[in-house]
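Add 538 to a position in the sequence shown, counting from 1, and you land on the number used in the numbering used here.
All C-beta atoms in this analysis are idealised placements derived from N, C-alpha and C, irrespective of residue type, glycine included.
From a predicted model like this one, the values you see are computed outputs, not experimental measurements.
Below is one structure, written out as structure tokens; comments come after it.
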Amino acid sequence: MNSVLIVTVCIAYLATLLHGADFNGKKWVVLAAASKGWENYGDQADVYHGYHVVKSLGIPDENIILFYYNDIAYNTNNPTPGVVINTPHGPNVYAGIPLNRSYTGHDITPDVL
């Protein structure tokens, strides 16, 4: 529960920083879920939500780096395969996640960090 709250607060703070900010150069965003498994559903759901937030602020995909295990959308416990929500009755935050521009599962190693 605490990690989900921290991630949510960080996303809100990030949105505040990026909205209307004047940067010299490119804006980069790194979003990471530091856990895996169905019991940690919220961690990955918040990263997916964060991706959509920064996209809505104009950050292009090539400047967003995602780290997540990718084991909840099609988990056997998921009653709606392929759908991940981060708020009750919320939208599918897994939709549109660029799988080809992410580090997922066993691809997350110290060599890529």
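Review point. Taking Cβ positions, are N601 and K574 nearer each other than 9 Å?
Key: no
Practice item. Give the straight-line distance between the Cα atoms of V547 and N615, rounded to the nearest whole angstrom. Key: Residue confidence for V547 is low, a pLDDT of 49 falling below 50, so the modelled location carries little weight; the figure read from the coordinates is stated next. Their Cα atoms are separated by approximately 27 Å.
Practice item. Might you give, ordered along the chain, the residues of its own chain that have their beta carbon closer than 7 Å to the beta carbon of V568, omitting 5 neighbours on each side? Key: I603
Check your understanding: If I610 sits next to W576, beta carbons under 8 Å apart, how far is it from one beta carbon to the other, in whole angstroms?
Key -> 6 Å
Check your understanding: Assuming D584 contacts A572 under a Cβ cut-off of 8 Å, what Cβ separation, rounded to an integer in Å, is found between them?
Key -> About 11 Å separates the two Cβ atoms, so there is no contact after all.
Point to revise | N613 versus N578 - alpha carbon distance | key: CA-to-CA, the gap between N613 and N578 works out to about 12 Å.
Check your understanding: When we look at the beta-carbon of G628 and count the other beta-carbons within 10 Å, is it buried (16 or more) or exposed?
Key -> Counting other Cβ atoms within 10 Å of its Cβ, G628 stays below 16 and is therefore classed as exposed.
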